[in-house]
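A short write-up of the structure that comes next.
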Amino acid sequence: MPSPYRALFAAPGTLAFSTAGLLGRMPLSMMGIGVVTMISQLTGRYGLAGALSATLAMAAAVVGPQVSRLVDRHGQRRVLRPVTLFAAASVAGLLVCAQQRFPDWTLFVFAAGAGCVPSVGSMVRARWAEIYRGSGRQLHTAYAWESIVDEVCFIFGPIVSIGLSTAWFPEAGPLLAGGFLVAGVFWLTAQRGTEPGPHPAERHTGGAALRSPGLQVLVLAFVATGAIFGAVDVVTVAFAEERGHKAAASLVLAVYALGSCLAGAVFGLLHLRGKPSTRWLVGVCAMAVSMIPLQLAGSLPFLAVALFVAGLAIAPTMVTTMALVEQHVPRTRLTEGMTWTSTGLAVGVALGSSAAGWVVDASGAGAGYAVPVAAGVLAAAVALLGYRRLGEPAPTGGLGEDDRHLRTDGEHVA
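Quick note: this note's numbering has the sequence shown finishing at residue 509, numbered continuously throughout.
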């Protein structure tokens, strides 16, 4: 491990909560693609599969910020455990309904419940932000590390989820994803020493985090970015199946994540200068351009290479996004602010996977790759139009007025 990353874990408890976060985030890459694989195996209907994946993502988009707002006020342990148990029970209901061929509406009901999962990545990043508050260099490395962890999930998660659902039984992938969620969240919330202290309601001045103009730009751009990811997942599974190698879709998607993982590892070692908003704009535009070669894919090896190159832009853009969230959101709403970016992604994944599923059903997998291209164009347009809002940190960024009161009052913040 390069020394800047090794230095991160000098603080007590950091390795344990980051590892728990890895486990708790595995469903992020396993559940949606697992449901797509399961439903396509059981029914052959990619439209239904994409719609259920979209329902999962939309539920996460609606519930995630509300859960994080409660976490900011009451702490991670008190909020995350009951939410996680509800989501796990809903996953069980979804699998039973799918296996028993119950009516489609029952699948959507339980998929909505299964999507009510906490944003584990935001919880982990909030712990890093609390430990390395005021140290921009170390936070840059910490956010890069967590982006690497995200991509490790996306390298191995689809392989495990698709592999189990195709080689064992269709429900195996989502089932294991639910198990990872429960184990990861309960392990994370058992670690009280690194949990950020709650900020009572009276400290939450200024309204919701999403009132920040800068955060609004980030979230809107991430809706389009999420559509890229959701569409690529669904179309790649269909593309591999058309060529008689459905299980190979997990390997191709792993290569996509590998590109991002390697880029994130290098990005975390760099001591960057200049405005984060400029780096973010370049990253979003690079992600959009990288979708164009997918239109030329005629084989799985070519597709894997194209997705690897496309993945190189992902992690650096995500790392820069977290830095911008810190600049534009008060400390007392940091978890909520970070979750809003995840919400934007979730909404985009819902839209992208649903649109891609219907395009694949209507015109085949080759036509489906037009969906991520369109989403990339939209993401670049939002980034260009909103760039000026991100140019200067908001007055409530950084420590913020609320946080200085916490320090002055001597309240527990670690």
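Glycine included, every Cβ here is placed at the ideal spot set by N, Cα and C.
Nothing here was measured: the structure is a model prediction, and the numbers come from that model.
(message) Can you check which of these residues, 395, 145, 381, 416, is closest to residue 337 by C-alpha distance?
(response) 395
(message) Extract the residue ranges of the alpha helix (DSSP H) inside the stretch 339-397, only unbroken runs of 4 or more that lie entirely within it.
(response) 343-364, 371-384
(message) Check whether the stretch 201-208 and the stretch 417-430 are in contact - that is, three or more C-beta pairs closer than 8 Å.
(response) no
(request) Just tell me which of 413, 122, 232, 106 has its CA closest to the CA of residue 268. (result) 122
(request) Indicate the three-state DSSP secondary structure (helix, strand or coil) for residue 467 in the structure shown. (result) helix
(request) Please classify residue 266: does DSSP put it in a helix, a strand, or coil? (result) coil
(message) Could you tell me the alpha carbon to alpha carbon distance between residue 153 and residue 419, rounded to whole angstroms?
(response) 24 Å
(message) Among the candidates 289, 324, 215, whose CA atom is the shortest distance from the CA of residue 244?
(response) 215
(request) Could you tell me if residue 194 is buried or exposed, where buried requires 16 or more neighbouring beta carbons within 10 angstroms of its beta carbon? (result) exposed
(message) For the alpha helix (DSSP H) containing residue 427, name the first residue and the last one.
(response) Here residue 427 belongs to no alpha helix (DSSP H), and DSSP marks it neither H nor E.
(request) Taking residue 141 as part of the alpha helix (DSSP H), name the residues at either end of that continuous run. (result) 141-169
(request) Taking only the alpha-carbon atoms, compute the straight-line gap between residue 371 and residue 147 and give it to the nearest angstrom. (result) 36 Å
(request) Write down every uninterrupted run of the alpha helix (DSSP H) in the stretch 161-226 whose length is 4 residues or greater and which is fully enclosed by it, in chain order. (result) 171-194, 199-209, 215-226
(message) Assess contact between the stretch 165-175 and the stretch 276-296, defined as three or more Cβ pairs (one per stretch) separated by less than 8 Å. Is contact present?
(response) yes
(request) Please state if the CB of residue 239 and the CB of residue 112 are separated by a distance shorter than 8 Å. (result) no
(message) Tell me which residues share the same chain as residue 127 and place their Cβ nearer than 8 Å to its Cβ, disregarding the 5 neighbours each side in the sequence.
(response) 148, 151, 152, 325, 328, 444, 448
(message) For a test of the three-state rule: what should DSSP assign to residue 288, helix, strand or coil?
(response) coil
(message) Taking only three categories from DSSP, how would you classify residue 307?
(response) coil
(request) Would you identify the three-state DSSP class for residue 103, choosing helix, strand or coil? (result) helix
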